[in-house]
Amino acid sequence: MGKFYQQETECMPREEIRKLQGERLVRIVKHVWDNVPYYKAKMEAAGVTPDDIKGLDDLHKLPFTSKEDLRETYPDGMLAVPKNQAVRIHSTSGTTGKRVVKYYTQEDIDCWSECCARAIVAAGGDENDIVQVCYGYGLFTGGAGLDGGSHKVGALTLPMSSGNTDRQIQFMTDLGATILCCTPSYAAYLSECIVERGYRDKIRLKAGIFGAEAWSEEMRHDIESKIGIKAYDIYGLTELGGPGVSFECEEQKGMHVNEDHYIAEIINPKTLEQLPNGTQGELVFTNLTHQAFPVIRYRTRDICVLNDAPCSCGRTHIRMAKPMGRSDDMMIVKGVNVFPSQIETVLIDQGYSPNYQIIVDRVNNSDTIDVNVEMSPERISDNLGRIAEMEKSLVAALKAMLGIYVKVHLVAPKSITRSEGKAVRVIDKRKI
Ligand code: DLL
32 MGKFYQQETE CMPREEIRKL QGERLVRIVK HVWDNVPYYK AKMEAAGVTP
82 DDIKGLDDLH KLPFTSKEDL RETYPDGMLA VPKNQAVRIH STSGTTGKRV
132 VKYYTQEDID CWSECCARAI VAAGGDENDI VQVCYGYGLF TGGAGLDGGS
182 HKVGALTLPM SSGNTDRQIQ FMTDLGATIL CCTPSYAAYL SECIVERGYR
232 DKIRLKAGIF GAEAWSEEMR HDIESKIGIK AYDIYGLTEL GGPGVSFECE
282 EQKGMHVNED HYIAEIINPK TLEQLPNGTQ GELVFTNLTH QAFPVIRYRT
332 RDICVLNDAP CSCGRTHIRM AKPMGRSDDM MIVKGVNVFP SQIETVLIDQ
382 GYSPNYQIIV DRVNNSDTID VNVEMSPERI SDNLGRIAEM EKSLVAALKA
432 MLGIYVKVHL VAPKSITRSE GKAVRVIDKR KI
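Sequential numbering of the sequence shown, starting at 32, is according to this note's numbering.
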């Protein structure tokens, strides 16, 4: 296998991609109009019928879909095929409200697996590889998605699921895993354990495919240098089918959107206008091929930028930057927008580990923000003056990045709980 899983599609000339997207859009709009009364009603309310959608240029006429729509129609009000044609569901964690359930036909699962296979091959994987999947299996899409991709590639799959770090490292060394798939925060934790336990020279990992949460370039470099791998980003969300909506190639300069299956747009979240490529805004996706549960113009709440410049890897599909985080993750502290990823960038830049927790509170009607940061064993000091100095220098660096005062507390190594899935970075006591 070369460096592409489906070269013809992945490197298709842009005019052809647009044409294919236009044809598929016409088809999918007709499919939801005919099969999902909720969509039909939404389109009627927006004054649009399938006859108005003749190609990609008509996309803007279609109403958006939001998480609220999916909750309102829970559990199967947006199912677009008879239920006996669906063969699987996956679901969101439901931490912020009712769960969202996504249904799949067998064909939907095959397309999804192909999207993940593209990501594995782009990370240098082929049938000779051993892929250790430590994303959670079950309702979460991470485990099943990368597992499906690994099978399509013909690699040997280790379906580890998340957790049990001792067993992860044992299998990794005994079976010689070459590609690691997990969240970046778990990858950071695993790398830390591998180095500390003296396994750095016993592992055979060459690449990692990390996603499901925002992570900074600094965190990438940290993981890459610690265990000597190349770390690739992968993006997706349950509502769209799971991981593999987009993935990084060897250039590691943005994630190629699988445009034969998804249309990506950036909108201004306030005015809902489409924004030109290169402008930061909210990511919106349309499922083009999903049969069981297609979503049209789904508002992800992820803040991002699209880049249509050609990529030297040969793939022609548009790239999305690393999302800064969700607009719902964005904290407004003292009137300033703060993303956890900005804080992470500063911490790692200053030589700290990616183990931190942000605590936001309101004291006497005024916002406060505290960051607990672990000292690394090399930096640990019992000299209180030295600790105060280190804290002061972090406060200054955070002020330069965010423009506000952030109180910093250096805490003992290993005192912040490690994550096996998505890390909990922020505790906002104002919301409790
Ligand atoms: O996290 C699907 C996934 C699994 C993606 C494994 C990649 C790897 P959800 O749990 O529905 O689905 O969460 C989706 O996670 O809207 C983003 O806010 C965030 N997210 C996912 N991938 C990335 C990434 C899975 N690479 C939500 N960078 C999305 C930043 C990401 N954020």
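Backbone N, C-alpha and C fix where the C-beta goes; we use that ideal spot for every residue, glycine too.
Beta-carbon gap between Y263 and A243 smaller than 8 Å: no
Within 8 Å, strictly: CB atoms of L189 and A208: Closer than 8 Å, so yes.
Cutoff 6 Å; reference V315; Cβ partners in own chain excluding five residues on either side: The residues E296, I298, R328 and R330, in chain order, have a CB closer than 6 Å to that of V315 in the same chain once the five nearest residues on each side in sequence are set aside.
Candidates E290, E375, E281 and I334: closest to L306 by CA position: If we check each option's Cα against that of L306, I334 comes out closest.
Contact test: D264 Cβ vs ligand 1 heavy atom, cutoff 7 Å: yes
Beta strand (DSSP E) segment containing G242, residue limits: G242 -> beta strand (DSSP E) spans A238 to G242.
Three-state secondary structure (DSSP) of Y135: Under the three-state reduction of DSSP, Y135 is assigned to strand.
Rounded separation between N289 and T40 - CA only: Going by the C-alpha atoms only, they are around 9 Å apart.
Contact check, D380 vs E249, beta carbons under 8 Å: yes
Per DSSP, the bridge partner or partners of V315: E296 and R330
Nearest neighbour of Y134, chosen from D107, I59 and V57 [CA to CA]: D107
Beta-carbon proximity of P371 to I389, cut-off 8 Å: yes
The segment 398 to 416 / the segment 439 to 449 touching (three or more Cβ pairs under 8 Å): yes
Integer-rounded CB distance, given that G309 should sit under 8 Å from V336: 6 Å
Neighbourhood of T123 by C-beta distance below 7 Å, restricted to the same chain and skipping five residues each side: R130, V131 and T269
Meets three-Cβ-pair contact criterion under 8 Å: the segment 195 to 212 and the segment 160 to 179: Pairwise C-beta distances place the segment 195 to 212 in contact with the segment 160 to 179, as three or more of them are shorter than 8 Å.
DSSP state of M32 mapped onto helix, strand, coil: The predicted position of M32 is uncertain, since its pLDDT is 49 and thus under 50; a value taken from the coordinates is nonetheless stated next. The answer is coil: DSSP assigns M32 none of H, G, I, E or B.
Contact check, Y166 vs S144, beta carbons under 8 Å: No, the Cβ-Cβ distance between Y166 and S144 is not below 8 Å.
Cβ separation of G273 and M351, assumed to be a contact under 8 Å, to the nearest whole Å: Not confirmed; about 16 Å, so no contact.
Sub-8 Å separation of I258 and R235 beta-carbons: no
Closest by C-alpha distance to V112, when choosing among Q137, M191 and G366: When each option's Cα is compared against that of V112, the closest is Q137.
G452 and T214 closer than 8 Å at C-beta: Contact flag set, yes.
Short Cβ contact (8 Å threshold) for T399 with K438: Contact: yes.
Y383: CB within 7 Å of a non-hydrogen atom of ligand 1: no
Ligand 1 heavy atom lying under 7 Å from the CB of G173: Taking the Cβ of G173 as the reference point, at least one heavy atom of ligand 1 falls within a distance shorter than 7 Å.
Span separating the alpha-carbon of E46 from that of Q37: Near 18 Å, if we compare the C-alpha coordinates of Q37 and E46.
Contact test: Y166 Cβ vs ligand 1 heavy atom, cutoff 7 Å: yes
Those residues which DSSP pairs with E405 across a bridge: Here E405 is bridged, per DSSP, to V442.
Pairwise C-alpha distance: E375 and A219: 13 Å
Extent of the continuous beta strand (DSSP E) run through T188: L187 to P190
Neighbourhood of R357 by C-beta distance below 6 Å, restricted to the same chain and skipping five residues each side: Excluding residues up to 5 positions away in sequence, R332 and D333 lie with their Cβ nearer than 6 Å to the Cβ of R357 in the same chain.
L170 CB to nearest heavy atom of ligand 1 below 7 Å: no
Beta-carbon proximity list for A154, same chain, < 6 Å, skipping 5 on both sides: For A154, where only same-chain residues beyond five positions count, the Cβ hits under 6 Å are A238, I240 and Y263.
Cβ pair F324, L110 closer than 8 Å: yes
Supposed contact pair P385 and D4 - C-beta distance, whole angstroms, cut 8 Å: This structure cannot settle anything about residue 4, because the visible part of the chain is limited to 32 through 463.
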